[in-house]
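Colleague: Numbering (the working numbering), first residue to last: 24 to 281.
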Amino acid sequence: MGKIVKMEFIKLKRYSVVKAGIIMTSLSALLSLFYSTADDGKTWTFEYFMRQVLINNCTLFFPIIITLIAGYIITREYTNDTIKNILTIPLSYRRLLAGKLMILLLLTIFFSFFSNLIGLTVSAAAGFPGISVGSVCSSLLQITGANVLVYIAVLPIILIMSCSPNNFLGGVAIAFVYGYFGTFEGTLLNWYPIKASMILMDPECGVENGMSYHPLPAIFILLAIIGCSILLLAKKGRKPQILVATKKKRKTARKRGW
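Okay, structure coming up:
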């Protein structure tokens with residue numbers, strides 16, 4: 024598995040989609056800064072600003088980022104026509120897919136650190152009070168933990184949609200809607216995977232809207248997602264679906280003249 028992860032890590036240098044992930048991660052902090060300009064009577068501190076970054080990450084950006092990058096790095100084996108070469112060595116498609124998911128987890132952690140760095144920079148530039156070593160470390164743990172839980176929440180979408188070269192963009196669209204519903208409040212959302220990531224990592228989740236969530240249902244639903252993802256991965260056989268391109272028939276050229 025270590026060799027697979029190392030091989031996939033080397034491939035990342037050629038993927039422009041990682042740069043797109045960095046840009047989208049930066050937009051989360053900038054969107055939170057835009058919210059701070061509203062005249063709603065709220066006092067913006069560093070802690071409150073980073074909470075908004077966490078919410079934007081979980082509901083708007085990271086479900087899309089994770090699913091998009093997953094679909095891209097998985098389907099590159101088809102678009103680059105390298106899948107047939109991989110099948111000639113004793114490596115199952117299941118192990119290859121597990122290696123790519125491991126790389127995706129490492130990227131999620133990297134983007135989380137970057138999100139915290141951008142949030143700290145924007146907060147300092149905006150002059151929000153409350154920046155300290157303790158608050159920075161706390162926000163780093165919360166944002167990283169929440170994003171890893173979002174990664175777990177979207178795993179079934181990746182394993183169902185992103186493993187097909189023709190469907191991974193549909194998976195990105197589903198992930199967008201999936202994350203957006205996490206912005207709502209309600210008792211039933213205690214069982215919603217995206218909301219669960221915020222419930223477990225943000226102790227004040229729902230407090231502003233008078234909601235009180237419980238961690239046990241959130242833990243249970245995420246464990247169920249992990250179990251479902253393991254079953255989906257186990258069903259991936261040694262060989263993936265191979266798409267055979269059909270060649271178009273050449274039109275017979277008409278003879279000129281008589």
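Every residue gets a Cβ at the ideal spot worked out from N, C-alpha and C, and that includes glycine.
1. Quick check: what's the CA-CA separation for Tyr71 versus Val145?
2. Might you give, ordered along the chain, the residues of its own chain that have their beta carbon closer than 7 Å to the beta carbon of Trp67, omitting 5 neighbours on each side?
3. So, for Gly122: in the same chain, excluding its five sequence neighbours on each side, which residues have a beta-carbon less than 8 Å away from its beta-carbon?
4. Hey, Ser351 and Asn190: beta-carbon distance below 9 Å or not?
5. If I follow the unbroken alpha helix (DSSP H) through Val200, where does it start and stop?
6. Does the beta-carbon distance from Ser55 to Asn79 come in below 9 Å?
7. What is the DSSP secondary structure of Lys42, reduced to helix, strand or coil?
8. Using the three-state DSSP reduction, which class does Ile253 fall into: helix, strand or coil?
9. Report all residues from its chain with a CB closer than 6 Å to the CB of Arg224; omit the five preceding and five following residues, and keep chain order.
10. Do Gly44 and Leu114 have their CB atoms nearer than 9 Å?
11. Hey, Ser252 and Ile132: beta-carbon distance below 9 Å or not?
12. Please identify the residue among Ser158, Ala247, Glu208, Phe57 whose C-alpha is closest to the C-alpha of Val230.
13. With DSSP collapsed to three states, give me the class of Leu114.
Modeller: So, from the data block:
1. 13 Å
2. Ser59, Phe151
3. Met24, Ile27, Val28, Met30, Glu31
4. Outside the shown range of the chain, which is 24 to 281, sits residue 351, and nothing can be said about it.
5. 191-203
6. yes
7. helix
8. helix
9. For clarity, residue 224 is Met in the given sequence; the question names Arg instead. Once the five neighbours on either side are set aside, the close Cβ partners of Met224 are Gln165, Gly168, Ala169.
10. no
11. no
12. Glu208
13. coil
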